[in-house]
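A short write-up of the structure that comes next.
Protein chains: 2
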Amino acid sequence: MPSNETQAAPRIAVDAMGGDFGPCVVVPAAVEAAREGIDIALVGDEAAINAELSRLDVKGLDIRVVHASQVVEMDDKPSDALRRKKDSSIQVACRLVKKGEADGVVSAGNSGASVACGMFVLGRIKGVLRPALASVMPTEKEPVVLIDVGANVDSKPQHLFQFGLMADVLAKYVLGMKDPSVGLLSIGEEEGKGNAIVREAFDLLRESNLRFIGNVEGRDIFTGDVDIVVCDGFVGNVALKLSEGLAKSMSRILKVELKSSWLSKLGTLLSIRAFRRFKKVVDYAEYGGAPLLGLKGIVIVSHGKSNELAIVNSIRVAATSVRNKVHEHLAEGLAAHSDLFGKAEKNAKTAA
Amino acid sequence: MPSNETQAAPRIAVDAMGGDFGPCVVVPAAVEAAREGIDIALVGDEAAINAELSRLDVKGLDIRVVHASQVVEMDDKPSDALRRKKDSSIQVACRLVKKGEADGVVSAGNSGASVACGMFVLGRIKGVLRPALASVMPTEKEPVVLIDVGANVDSKPQHLFQFGLMADVLAKYVLGMKDPSVGLLSIGEEEGKGNAIVREAFDLLRESNLRFIGNVEGRDIFTGDVDIVVCDGFVGNVALKLSEGLAKSMSRILKVELKSSWLSKLGTLLSIRAFRRFKKVVDYAEYGGAPLLGLKGIVIVSHGKSNELAIVNSIRVAATSVRNKVHEHLAEGLAAHSDLFGKAEKNAKTAA
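Protein chains in written order, with our numbering: chain A, 4 to 355; chain B, 4 to 355.
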């Protein structure tokens, strides 16, 4: 883990080439973050980055440009990105953290590649079985943390348990929740419901010192009544993408209906502020990217379609993670439950 | 399978006690269906059913009442419902089909109990490995069939393959789709993405005579670009409940925002017809219940919160399934792919 004095500004390496919009969105976002006192390294094509910077007022800001000659495309396979694009902006950004020249990475690029580079370049915190991607999503009340949303498939019970532990640290030290509740995503609320993996994870979570509230169902994710929802990355990724898709579909259907007559068009005009607030509530950009938890360094995976606000918020999440020493708290959380991991491994061996 | 002449009216046993509202919603719905030429058996507490019937005009309709002394409560365990409530309305309804006195069952009661009673009382069609629950959901275009939404967890590749086959029959012969496309729910569109089970199911689906379009993601479910989405019941149940929950949350958030000022209240008034149409598009009631496919008899599991329209539509789906001989087509579809099942079983044995 890179050293970090309490008073020092967090140093965030930003993948300038990442996302559907690249430098023209990422660079202004990074400059905005620098204005808030975050030390920024913009990683990517030097010429493209400088062209964007020249249009902005960056006097007195802590921004440096680190050249990277390659770019991971959205359709590159993560394994190819790792092996064949060693000088890609995301890999160079991760190496800055590895070398202790930055505390964290933010990328809106190919998320599979960001996860793979994060894992292989930075490595896991001691005791972490599998790093996991946590998505912070809007609800009717406070945001909810869904973990894992795609870093892993075929998770074992002890993995699910660790996802809960890591999300607990994120919720407490980055999102500022006091005593976050943890639910296990299943298909019935009663104990004993769900598949074999979930039933075993239930026992581990119950014995932990997390505020475990038992099984929750798909319908509970967006009510705001649970702070952390734990699931396998396959299920979580389906849930995340389904939510995005459904929210968009509903908005599109509503738009079509509201444009269907003059009367409703007029009505829409009168309600325009309400619709804007509605959009804001259900907008992912407000919450920034998905932290990849469990690595020796902060990695934030932002949505490919991230706008400037989403990137700024991702950088803020990275900076807060550094300031509030998320890594130390993760290590503490893992240490406090080492007996339970031992138990889970013993169970796994007995079953095998 | 109960015999059924082409010209005879479909005979549907309706669980009058099922759902959050019981006879006062189910009985009027059944009467409405009877008016459309469906032969109805109302199963449940005779006195309660007759009290409802006495308020309605049922002259000349084919409705009979079959008494059942017990009711499965929403929080009863399926196994308890099966063993301890042998005279429950859902179990008596299933036995009517078993005895050849009805062709299908519709229940809005405890869905776990309906699935369990359907499976144990009726049994599987020869060749069906695991019956599956198919949910027909609204999209921006045509409805989509999501299968399985909770009858199974820990599905094997050959199960997923059969879910696709059964949904294909449902789409063709009940929903009237000509050449439905089948997608496999995964976490990336490329072949080779997903968990171990999904990767194997991919190969089976590709070799079948279904119109398999490859992997689809959570965001594709509601676009209307795929007709059938195949997944394990754990994932499907999470997806189904999440969709319901998110649609409700979004509607609630929108309602709060639209009531926040006089201007937007007035706007809402002017757009009220558009909102009604929006609600209709995203309303599950329009599509009736979820068919449990693969049993020797039609079983439709309706939502516990079903209103009259939802129950009527469930009965219509059951009747259409009978009229269009869904069972015969299921048996044909299974027979046409028996070589692939053999292959899958051989693979499973080699792996074990």
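Don't be surprised by glycine CBs; every beta carbon is placed ideally from N, CA and C.
{"Check": "Give the C-beta separation of Gly236 (chain B) and Asn155 (chain B) to the nearest angstrom, bearing in mind that I take them to be a contact with Cβ-Cβ under 8 Å.", "Outcome": "4 Å"}
{"Check": "Take Lys102 (chain A) and list the residues in its own chain whose beta-carbon comes closer than 7 Å to its own, dropping the five residues that flank it on each side.", "Outcome": "none"}
{"Check": "Please say whether Val46 (chain A) and Ala11 (chain A) have beta carbons closer to each other than 9 Å?", "Outcome": "no"}
{"Check": "In whole angstroms, what separates the C-alpha of Lys262 (chain B) from that of Ala313 (chain A)?", "Outcome": "28 Å"}
{"Check": "Label Ile275 (chain B) either buried or exposed according to how many other C-beta atoms from any shown protein chain fall within 10 Å of its C-beta, with 16 as the threshold for buried.", "Outcome": "exposed"}
{"Check": "Between Ala12 (chain B) and the ligand SAH, is there a pair consisting of the residue's CB and a ligand heavy atom that are separated by less than 8 Å?", "Outcome": "As for the ligand SAH, it is missing from this structure, which has no ligand bound."}
{"Check": "Closer than 9 Å, Cβ to any Cβ of chain A: which residues of the segment 211–225 of chain B, in chain order?", "Outcome": "Glu220, Gly221, Arg222, Asp223, Ile224 and Phe225"}
{"Check": "Compare the C-alpha of Ile128 (chain B) against each of B:Asp182, B:Leu343, B:Ile318 and B:Leu296 and name the closest.", "Outcome": "B:Leu296"}
{"Check": "Would a check of beta-carbon distances place Gly21 (chain B) closer than 9 Å to chain A?", "Outcome": "no"}
{"Check": "CB-CB under 6 Å to Ile66 (chain A), same chain, minus the five flanking residues each way: which ones, in chain order?", "Outcome": "Ala37 and Ile43"}
{"Check": "Along the chain, where does the beta strand (DSSP E) that runs through Arg14 (chain B) open and close?", "Outcome": "Arg14 to Asp18"}
{"Check": "May I have the straight-line CA-CA distance separating Val74 (chain B) from Pro160 (chain B), to the nearest angstrom?", "Outcome": "36 Å"}
{"Check": "Quick one: is Ala204 (chain B) near chain A, going by C-beta distance under 9 Å?", "Outcome": "no"}
{"Check": "In the structure shown, what three-state DSSP assignment does Pro26 (chain B) receive?", "Outcome": "helix"}
{"Check": "Is the beta carbon of Gly22 (chain B) closer than 9 Å to that of His306 (chain B)?", "Outcome": "yes"}
{"Check": "Take Asp85 (chain A) and list the residues in its own chain whose beta-carbon comes closer than 8 Å to its own, dropping the five residues that flank it on each side.", "Outcome": "For the sequence presented, residue 85 (chain A) should be read as Leu rather than Asp. Same-chain partners within the cutoff: Gln94, Ala116, Ala119, Cys120 and Phe123."}
{"Check": "Is Lys62 (chain A) close to chain B, meaning its C-beta is less than 9 Å from at least one C-beta of that chain?", "Outcome": "no"}
{"Check": "Using a Cβ-Cβ distance cut-off of 9 Å, determine whether Lys251 (chain B) contacts chain A.", "Outcome": "yes"}
{"Check": "When you compare only the Cα positions, how much space is there between Gly217 (chain A) and Val201 (chain A)?", "Outcome": "11 Å"}
{"Check": "If you measure beta-carbon to beta-carbon, which residues of the segment 148–170 of chain B are closer than 7 Å to chain A?", "Outcome": "Gly153, Val156 and Asp157"}
{"Check": "I'd like to know whether the C-beta of Ala321 (chain B) is nearer than 9 Å to at least one C-beta of chain A.", "Outcome": "no"}
{"Check": "Taking DSSP's pairing of strands, which residues face Val139 (chain B) in a bridge?", "Outcome": "B:Val148"}
{"Check": "Over what stretch of residues does the beta strand (DSSP E) that includes Arg214 (chain A) continue unbroken?", "Outcome": "Arg214 to Val219"}
{"Check": "Just confirm the distance between the C-beta atoms of Val232 (chain A) and Leu188 (chain A), as a whole number of angstroms; I'd bet it's less than 8 Å.", "Outcome": "5 Å"}
{"Check": "Which residues of the segment 300–333 of chain A have a Cβ closer than 8 Å to any Cβ of chain B? Give them in chain order.", "Outcome": "none"}
{"Check": "Using a Cβ-Cβ cut-off of 6 Å (strictly less than) and excluding sequence neighbours within five positions of Cys234 (chain A), which residues of its own chain qualify?", "Outcome": "Leu188"}
{"Check": "When the Cα of Arg214 (chain B) is compared with those of B:Tyr176, B:Val329, B:Leu168 and B:Glu39, which residue comes out closest?", "Outcome": "B:Leu168"}
{"Check": "Can you check whether the C-beta of Val238 (chain A) is within less than 9 Å of a C-beta belonging to chain B?", "Outcome": "yes"}
{"Check": "What are the start and end residues of the alpha helix (DSSP H) that includes Leu187 (chain A)?", "Outcome": "Where Leu187 (chain A) is concerned, there is no enclosing alpha helix (DSSP H), although the beta strand (DSSP E) it sits in stretches over Ser184 to Leu188."}
{"Check": "Between which two residues does the beta strand (DSSP E) harbouring Ala293 (chain B) extend?", "Outcome": "Ala293 to Leu296"}
{"Check": "Could you pull the start and end residues of the alpha helix (DSSP H) that Arg209 (chain B) belongs to?", "Outcome": "Ala199 to Glu210"}
{"Check": "Can you tell which of A:Gly40, A:Val238 and A:Phe24 has the C-alpha that lies nearest to the C-alpha of Ala321 (chain A)?", "Outcome": "A:Gly40"}
{"Check": "Starting from the beta carbon of Gly248 (chain A), find every residue of chain B whose beta carbon is closer than 9 Å, and list them in chain order.", "Outcome": "Glu220, Gly221, Arg222, Asp223, Ile224, Phe225 and Thr226"}
{"Check": "Quick check: what's the CA-CA separation for Gly112 (chain A) versus Phe24 (chain A)?", "Outcome": "10 Å"}
{"Check": "DSSP three-state label for His70 (chain B), please.", "Outcome": "strand"}
{"Check": "Beta carbon of Gly191 (chain A), beta carbon of Glu220 (chain A): below 9 Å?", "Outcome": "yes"}
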